[in-house]
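Everything below concerns the one structure shown next.
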């Protein structure tokens, strides 16, 4: 995966998940250091609606599988 | 929340999420250092079926709200 490309794409996520992957609002999950495989599965679930979340569906709706892999690798690479 | 009580209850979770909250299998999320509020919301979603996951529904199905608060506080207290 391309972590640099993932970091660029993840700029859109920082509003809720934090610029460093630590969410300021405790209602939102920290993503820093999370398993990339799990993050991809979660994004896919939001995209398909398996997980029902309007905001996340809107955020990931336009992402390709490759984008998701890159974003997930970026967050996994961040130290907690 | 009662972190000690949470730790005792979380023994059942260690099989997938790791004794230290770091999942050996990358398909499962790390829970160590995650926001307690998010963890409670996730457990509630598995319990109600808002998140459709047979194993997690079985795992959290018998937990009280207080159990979930304690378990979540325990995992939040773990350093990544």
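Residue numbers (my numbering), protein chains in the order written: chain A, 1021 to 1100; chain B, 1021 to 1100.
Idealized CB from N, CA, C, for every residue including glycine.
These figures come from a predicted structure and were not determined experimentally.
Please state whether the Cβ-Cβ distance between residue i and residue j is less than 8 Å.
i	j	result
residue 1081 (chain B)	residue 1099 (chain B)	no
residue 1047 (chain B)	residue 1058 (chain A)	yes
residue 1092 (chain B)	residue 1070 (chain B)	no
residue 1023 (chain B)	residue 1097 (chain B)	yes
residue 1021 (chain A)	residue 1040 (chain A)	no
residue 1026 (chain B)	residue 1090 (chain B)	yes
I'd like the list of long-range same chain contacts for residue i, defined as Cβ closer than 7 Å, with 5 residues on each side in sequence excluded.
i	result
residue 1044 (chain A)	1038
residue 1054 (chain B)	1095, 1096
Helix or strand or just coil, what does DSSP make of residue i?
i	result
residue 1058 (chain A)	helix
residue 1048 (chain B)	coil
residue 1097 (chain A)	helix
residue 987 (chain B)	With chain B covering 1021 to 1100 only, the question about residue 987 (chain B) has no answer from this structure.
residue 1022 (chain B)	coil
residue 1035 (chain B)	helix
residue 1090 (chain B)	helix
residue 1070 (chain A)	coil
Going by beta carbon distance, what residues of the same chain come within less than 6 Å of residue i, once the five residues before and after it are set aside?
i	result
residue 1076 (chain A)	1066
residue 1063 (chain B)	1080, 1088
Could you name the residues of the same chain whose beta carbon sits closer than 8 Å to that of residue i, not counting the 5 residues immediately before and after it, in chain order?
i	result
residue 1032 (chain A)	1079
Compare the Cα-Cα distances from residue i to each of the options and report the closest residue.
i	options	result
residue 1029 (chain B)	B:1088, B:1051, B:1061	B:1088
residue 1049 (chain A)	B:1061, B:1034, B:1021	B:1061
Would you mind telling me which residues of chain A sit closer than 8 Å to residue i, beta carbon to beta carbon, in chain order?
i	result
residue 1061 (chain B)	1047
residue 1024 (chain B)	What residue 1024 (chain B) touches in chain A: nothing, since even the nearest Cβ is about 21 Å away.
residue 1055 (chain B)	1043, 1046, 1047, 1048, 1049, 1050
Should residue i be listed as close to the ligand SAM, given that the test is whether its C-beta is under 7 Å from any heavy atom?
i	result
residue 1040 (chain A)	This structure does not include the ligand SAM; it has no bound ligands of any sort.
Starting from the beta carbon of residue i, find every residue of chain A whose beta carbon is closer than 7 Å, and list them in chain order.
i	result
residue 1058 (chain B)	1046, 1047, 1048, 1049
Check the Cβ of residue i against every Cβ in chain B and list those closer than 8 Å, keeping chain order.
i	result
residue 1070 (chain A)	1072
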